[in-house]
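Report on the following structure.
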Amino acid sequence: MSRPRHGGSDGMPPDTTPLADASPATSSPAAAQRDTTPTLDTTPTAAHSLADPVGDAKRLDRSGWLWRIVEFLLALGITGMLVTIAVQVVGRLFGWSPPWTEEVARFLFMDGVFLGMAAGFRAAAHPRVSVLVARGPGWVAGLSLHATVACALFFFAILAWKSIELVAQQMHTNETSPALGLSMWIVTVPLAVGSLLSIIGTVQSVYFDRGLRKRLLKGEVIA
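The numbering used here applies: residue 545 is where the sequence shown begins, and numbers increase by one.
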């Protein structure tokens, strides 16, 4: 809409510039609803602050032959545990369950926990509180990272030491499992191996993986 404006006393032609509509803009309810819809933060920091199991698996796969062997053993153990539990459940439906299935599933679970613990420390997949690291000064992040490594090495060193002592004791006494008659030191060896691998994984993730170390210092990962 345009409305002619009267020219001034200088004889200039009248101004026919359209006037801005002073009426308030109207919007439909649907448009208002779209405007108030929350948006997902897709910034790199927000994405890295969430758990990323696929990224952790890829990082572990790129860590060398040692961790690929650990991944293979974990997959083998989980498969064996599922099979033995399935056999046990089906056997109970028919009134008889092989006594060895429960024992095998328990051993596989126990050993898988220790190997998975080591793999988790290599990929920095264990939960941690990173509020001070993310919001504090840089020296806090560095001190926290070194303190974390020191505590982890101390804990896993004691765990490995006691696990090796237990293996030696079981070999000396020739301890066997009730159902299978399996030498118990064979079941306990993965505990010691998992503890030693956790030491290696902790050191690798902090001091030899530059990308992961940078993210840890920035508090961009939950682990």
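Glycine residues also receive a C-beta, built at the ideal position from the N, C-alpha and C atoms. Just so it is clear, the structure is predicted and the values come from calculations on it, not from any experiment.
Spatially closest choice to residue i from the options, by CA coordinates
i: leucine 652; options: Ala619, Val633, Arg636, Ala663; result: Ala619
i: threonine 755; options: Ala696, Ala667, Leu687, Trp729; result: Correcting the residue identity first, residue 755 is glycine in this sequence and not threonine. Closest option to glycine 755, Cα to Cα, is Ala667.
i: aspartate 506; options: Ile622, Phe752, Gln714, Leu676; result: The structure shown does not extend to residue 506, since the chain spans only 545 to 767, so no value can be given for it.
i: valine 750; options: Phe699, Leu687, Ser727; result: Leu687
i: arginine 759; options: Val733, Glu719, Leu726, Ala669; result: Ala669
i: threonine 628; options: Val677, Ile613, Ala649; result: Ala649
i: leucine 617; options: Phe665, Gly660, Gly682, Gln714; result: Gly660
i: cysteine 695; options: Val634, Thr746, Gly682; result: Thr746
i: valine 731; options: Trp609, Glu647, Pro642; result: Glu647
i: phenylalanine 700; options: Val631, Thr717, Ala630, Phe665; result: Phe665
Proximity of residue i and residue j at Cβ, strictly below 9 Å
i: serine 707; j: alanine 663; result: no
i: phenylalanine 658; j: glycine 738; result: yes
i: leucine 724; j: tryptophan 644; result: yes
i: methionine 715; j: tryptophan 729; result: yes
i: arginine 672; j: threonine 692; result: yes
Euclidean distance between Cα positions of residue i and residue j
i: tryptophan 640; j: methionine 625; result: 19 Å
i: proline 573; j: arginine 757; result: Residue confidence for proline 573 is low, a pLDDT of 48 falling below 50, so the modelled location carries little weight and cannot support an answer.
i: glutamate 615; j: isoleucine 744; result: 15 Å
i: leucine 761; j: leucine 710; result: 37 Å
i: leucine 703; j: tryptophan 611; result: 20 Å
i: arginine 636; j: threonine 720; result: 26 Å
i: valine 675; j: proline 642; result: 50 Å
i: glycine 727; j: proline 734; result: Before going on, a small fix: residue 727 reads as serine here, not glycine. The straight-line gap from Cα to Cα measures roughly 13 Å.
i: phenylalanine 698; j: proline 722; result: 34 Å
i: glutamine 748; j: valine 677; result: 20 Å
i: phenylalanine 752; j: valine 684; result: 20 Å
i: leucine 689; j: glutamine 713; result: 36 Å
Min CB distance residue i to chain B below 9 Å
i: histidine 716; result: Considering every chain present, this structure includes no chain B. It has just one protein chain.
Residue i - DSSP class collapsed to helix/strand/coil
i: serine 727; result: strand
Range of the contiguous alpha helix (DSSP H) that encloses residue i
i: serine 707; result: 682-717
i: phenylalanine 651; result: 643-666
i: phenylalanine 616; result: 609-637
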